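Peer 1:
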Amino acid sequence: MVSRIREDVACIFERDPAAHSKWEIYTSYPGFHALLVHRLSHALWMRGLRTFARWVSHVGRFLTGIEIHPGATIGRRVFIDHGMGVVIGETAEIGDDCTLYHGVTLGGTTWNKGKRHPTLMPGVVIGAGAKILGPIVIGEGAKIGSNAVVVKDVPAGATAVGIPAKIIESAHEQAREEHAAKLGFSAYGLSSSDDDPVAQAIRGLTDHTAELEQKVAELSAALDDLRRREDDARVVADRSDPGRLRKVVDK
Ligand SMILES: CC(C)(COP(=O)(O)OP(=O)(O)OC[C@H]1O[C@@H](n2cnc3c(N)ncnc32)[C@H](O)[C@@H]1OP(=O)(O)O)[C@@H](O)C(=O)NCCC(=O)NCCS
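So this is what it looks like as structure tokens:
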């Protein structure tokens, strides 16, 4: 318990440049307090003391402005910065090392019982005001832009912004699109999360032709350079001693 509290404080210190001392975190960080209360309410919930657990969670919400259902599963070193207005639903799961800012909702889209809230894999960052809705999975290390509304899975490492949230293209995907455009078609329909084997094959071919094109360009540049040096050597040899031609070309 003590080691987990130390871990919580250390991770806040690491991720919030505004934190000046550990004492400040112990006394003035609602996200830290909310997680402490949640650990108690979650333990009560797991022991079947459901109403008591809800009441403890309600007190936590009253004190911090952060509403975490006692049934929610929260990993280690999770940081809720500022926190006001955060809502975390009953079946939400938050992996280790995630960061949530104020106004984030991990909500459901159905009144049916069962898994209806999102799962955040380790290292996810959710920007202020973002709404993550439904039993979707936000992949490891993904980032969600502030005020985004996410209703579909987000792949690991991706960044999603907007309403509804869309993945921001990586530099590699942008290069692929430029190359595909040169070949006369658009690769935009072929998102990196697409499991269609034909789409994957086209992506592979596009990347392969881009690589080949790059190599041909390098070879062509090298040949041009060689030709230029040969011409220079010929001029030097013609001007002076024709016997030097061999040496200059070798150089
Ligand atoms: C989503 C986020 C992580 C992206 O950061 P990044 O990878 O550095 O991306 P960039 O800032 O280079 O932006 C990339 C593009 O996404 C757009 N974008 C960034 N954040 C956006 C957002 N929240 N909503 C809509 N578009 C956004 C940018 O305008 C840019 O578009 P462009 O390529 O057309 O110019 C970041 O913008 C964000 O929202 N972080 C949350 C921060 C937060 O909530 N802080 C609260 C502190 S109290």
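All the letters of the sequence shown, read from the start, carry residue numbers 34 to 284 under this note's numbering.
Idealized CB from N, CA, C, for every residue including glycine.
Keep in mind the model is a prediction, meaning the values are calculated, not measured.
For a test of the three-state rule: what should DSSP assign to Leu-216, helix, strand or coil?
Peer 2: Numbered from its first residue, the sequence shown carries residue 216 at position 183. In this structure, Leu-216 counts as coil in the three-state DSSP scheme.
Peer 1: What is the DSSP secondary structure of Ala-18, reduced to helix, strand or coil?
Peer 2: Residue 18 lies beyond the range of the chain shown here (34 to 284); nothing can be said about it.
Peer 1: Run the proximity test for Gly-174: is its beta-carbon closer than 7 Å to any non-hydrogen atom belonging to ligand 1?
Peer 2: Counted from its first residue, the sequence shown places residue 174 at position 141. Gly-174: no, Cβ never under 7 Å from ligand 1.
Peer 1: Quick check: Ile-127 and Val-137, are their CB atoms within less than 8 Å of each other?
Peer 2: For the purposes of this step, residue 127 is taken as residue 94 along the sequence shown, with counting starting at 1. For the purposes of this step, residue 137 is taken as residue 104 along the sequence shown, with counting starting at 1. Their beta carbons are not under 8 Å apart, which means Ile-127 does not touch Val-137 by this criterion.
Peer 1: Exposed or buried, what is Asp-114 when buried is set at 16 or more other beta-carbons lying within 10 Å of its beta-carbon?
Peer 2: Position 81 of the sequence shown, counted from the first residue, corresponds to residue 114. Buried is the call here.
Peer 1: Looking only at DSSP bridge pairs, what is Thr-152 linked to?
Peer 2: In the sequence shown, residue 152 corresponds to position 119, counting from 1. Per DSSP, Glu-126 and Val-170.
Peer 1: Alpha carbon to alpha carbon, what distance is there between Ala-270 and Asp-258?
Peer 2: On the sequence shown, position 225 is the one that residue 258 refers to. On the sequence shown, position 237 is the one that residue 270 refers to. Near 18 Å, if we compare the C-alpha coordinates of Ala-270 and Asp-258.
Peer 1: Taking just the CA atoms, how far does Lys-215 sit from Glu-47?
Peer 2: Counting from one through the sequence shown, the residue named residue 47 turns up at place 14. Counting from one through the sequence shown, the residue named residue 215 turns up at place 182. So the two alpha carbons sit approximately 45 Å from each other.
Peer 1: Beta carbon of Val-70, beta carbon of Val-89: below 8 Å?
Peer 2: Here residue 70 refers to the residue found at position 37 when the sequence shown is read from its first residue. Here residue 89 refers to the residue found at position 56 when the sequence shown is read from its first residue. Yes, these two residues count as a Cβ contact at 8 Å.
Peer 1: Within a Cβ cutoff of 6 Å, which residues of the same chain sit near Arg-149, ignoring the five residues on either side of it in sequence?
Peer 2: Against the sequence shown, residue 149 aligns to sequence position 116. Same-chain partners within the cutoff: Thr-124, Gly-141, Thr-143 and Pro-168.
Peer 1: Do Asp-130 and Pro-151 have their C-beta atoms within less than 8 Å of each other?
Peer 2: The count along the sequence shown starts at 1 and reaches residue 130 at position 97. The count along the sequence shown starts at 1 and reaches residue 151 at position 118. Not in contact: Asp-130 and Pro-151 (Cβ atoms no closer than 8 Å).
Peer 1: Can you find a heavy atom of ligand 1 that lies under 7 Å from the Cβ of His-115?
Peer 2: Position 82 of the sequence shown holds residue 115. It does: the Cβ of His-115 is within 7 Å (strictly closer) of some heavy atom of ligand 1.
Peer 1: Judging by CA-CA distance, which residue of Glu-206, Ile-159, Ala-250 and Cys-44 is the nearest neighbour of Ile-121?
Peer 2: For the purposes of this step, residue 121 is taken as the residue at position 88 of the sequence shown. If we check each option's Cα against that of Ile-121, Ile-159 comes out closest.
Peer 1: Residue range of the beta strand (DSSP E) that Ala-193 falls in?
Peer 2: Counted from its first residue, the sequence shown places residue 193 at position 160. Segment 192-194, the beta strand (DSSP E) holding Ala-193.
Peer 1: Within the present structure, is the beta-carbon of Ile-169 separated from the nearest heavy atom of ligand 1 by less than 7 Å?
Peer 2: For this step, residue 169 is matched to residue 136 along the sequence shown. Outside the cutoff, so no.
Peer 1: Quick check: does the Cβ of Ile-165 come within less than 7 Å of any heavy atom belonging to ligand 1?
Peer 2: Along the sequence shown, one-based indexing puts residue 165 at 132. Not under cutoff, so the answer is no.
Peer 1: Name the DSSP beta bridge partners of Ile-165, please?
Peer 2: As a position in the sequence shown, residue 165 is number 132, starting the count at 1. Per DSSP, Leu-139 and Val-183.
Peer 1: For Ala-239, collect the residues of the same chain with a Cβ closer than 8 Å to its Cβ; drop the 5 residues on either side in sequence, then sort them by chain order.
Peer 2: Walking along the sequence shown from the start, residue 239 turns up at place 206. A small fix is needed here, since residue 239 is Thr in this sequence, not Ala. Excluding positions up to five away in sequence, the list reads Arg-209, His-212, Ala-213, Leu-216 and Ala-220.
Peer 1: Straight-line CA distance for Ile-107 to Asp-229?
Peer 2: Taking the first residue of the sequence shown as 1, we reach residue 107 at position 74. Taking the first residue of the sequence shown as 1, we reach residue 229 at position 196. Going from the Cα of Ile-107 to the Cα of Asp-229 covers about 34 Å.
Peer 1: Assuming Leu-82 is part of the alpha helix (DSSP H), what are its boundary residues?
Peer 2: The residue given as residue 82 occupies position 49 in the sequence shown. Segment: none, Leu-82 is in no alpha helix (DSSP H) and carries neither H nor E.
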